[in-house]
Amino acid sequence: MGPLIRWVLHHPNVMKSRLFLKVMQVFPEKISRTYDAKIRNGREADLLLLAAGLDLLERQPLQILDLCTGTGLAAFEAAKHFPNAFVTGVDQSPGMIEAAKSKVKESDVLRICFEQGNAVALAIEKETYDLVVTSNAPVYLAEAVRVLKSEGYLLIVFSFGGKVFTDAERDVRNLLKIN
Numbered sequence: 371m372g373p374l375i376r377w378v379l380h381h382p383n384v385m386k387s388r389l390f391l392k393v394m395q396v397f398p399e400k401i402s403r404t405y406d407a408k409i410r411n412g413r414e415a416d417l418l419l420l421a422a423g424l425d426l427l428e429r430q431p432l433q434i435l436d437l438c439t440g441t442g443l444a445a446f447e448a449a450k451h452f453p454n455a456f457v458t459g460v461d462q463s464p465g466m467i468e469a470a471k472s473k474v475k476e477s478d479v480l481r482i483c484f485e486q487g488n489a490v491a492l493a494i495e496k497e498t499y500d501l502v503v504t505s506n507a508p509v510y511l512a513e514a515v516r517v518l519k520s521e522g523y524l525l526i527v528f529s530f531g532g533k534v535f536t537d538a539e540r541d542v543r544n545l546l547k548i549n
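So the working numbering is basically just the index in the sequence shown, starting at one, shifted up by 370.
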């Protein structure tokens with residue numbers, strides 16, 4: 371795990387700051403076109419951890435939210451794991467959403483959609499989802515809990531497989547110094 375990500379995890383209130391939200395707009399856009407290629411080596415570890423978490427659920431969710439979906443890795447895995455569920459992936463990066471939507475067109479998964487949205491203030495009614503999953507992303511716990519049904523599940527996965535963050539970390543650090 372990179373030092374910047376480790377720092378953010380130890381200071382969760384920073385995720386609500388305007389600066390952090392700006393960084394989270396710049397960073398995903400920078401890596402959206404090459405994200406899947408960069409995580410290729412670590413993808414199996416990501417999927418194994420995610421599948422292990424999904425296997426622990428006692429009830430099959432019907433409505434699943436992948437919060438900070440990126441290119442939809444967790445969304446597709448959840449759809450595969452739960453064939454009767456409908457999966458929605460939300461990310462604030464237009465580039466990431468575009469990449470995820472292109473993967474839907476190339477797949478045979480019809481129970482999945484991707485929407486652009488801000489994880490700090492989701493345009494989703496409370497208690498909508500049976501499962502909220504987030505993988506290798508900032509955890510917006512208040513919003514995740516708000517949209518989760520009272521008997522729902524929250525699955526947070528951190529594997530940081532691959533070297534996704536290496537190239538963009540320098541730019542994010544520079545942005546933090548400037549602002």
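Ideal placement from N, C-alpha and C gives every residue a C-beta, glycine not left out.
Taking the alpha helix (DSSP H) that residue i belongs to, which residues open and close that run?
i      : result
Lys450 : Leu443 to His451
Lys471 : Pro464 to Glu476
Leu511 : Leu511 to Val517
Taking the beta strand (DSSP E) that residue i belongs to, which residues open and close that run?
i      : result
Ile482 : Ile482 to Gln486
Val479 : Run containing Val479: none; DSSP gives neither H nor E here.
Thr504 : Tyr499 to Ser505
Pull up the DSSP beta-bridge partners for residue i, would you.
i      : result
Gly459 : Asp436 and Phe484
Val490 : Paired residue(s): none; Val490 is not in a bridge.
For residue i, is the classification buried or exposed, using 16 other Cβ atoms within 10 angstroms of its Cβ as the cut-off for buried?
i      : result
Val503 : buried
Asp537 : Here Asp537 scores only 42 on pLDDT, less than 50, and its place in the model should not be relied on; the value that follows carries that caveat. Answer is exposed; the Cβ neighbour count stays below 16.
Leu518 : buried
Asn506 : buried
Pro453 : exposed
Leu418 : exposed
Relative to the C-alpha of residue i, which residue among the options is closest?
i      : options                           : result
Ala444 : Lys496, Val479, Lys475 and Asp416 : Asp416
Gly440 : Leu419, Lys473 and Leu432         : Lys473
Arg429 : Pro508, Glu521 and Cys438         : Glu521
His451 : Ala491, Gln433 and Val509         : Gln433
Gly465 : Asp478, Asp436, Ile482 and Gln486 : Gln486
Arg481 : Glu497, Phe456, Leu437 and Tyr499 : Phe456
Pro508 : Tyr499, Val527 and Glu476         : Val527
Val479 : Ala449, Ile494 and Thr498         : Ala449
Could you name the residues of the same chain whose beta carbon sits closer than 6 Å to that of residue i, not counting the 5 residues immediately before and after it, in chain order?
i      : result
Tyr552 : Any answer about residue 552 is impossible in this case: the structure gives the chain only from 371 up to 549.
Below 8 Å CB to CB, which residues in the same chain sit around residue i once its five sequence neighbours on both sides are set aside?
i      : result
Phe484 : Thr439, Gly442, Ala445, Thr458, Gly459, Val460, Asp461, Ile467, Ala470, Lys471 and Val474
Glu513 : Leu437, Ala489, Val490, Ala491 and Leu492
Ala421 : Glu447 and His451
Cutting at 7 Å between CB atoms, please list the residues of its own chain near residue i, excluding the five before and the five after it.
i      : result
Arg516 : Lys496
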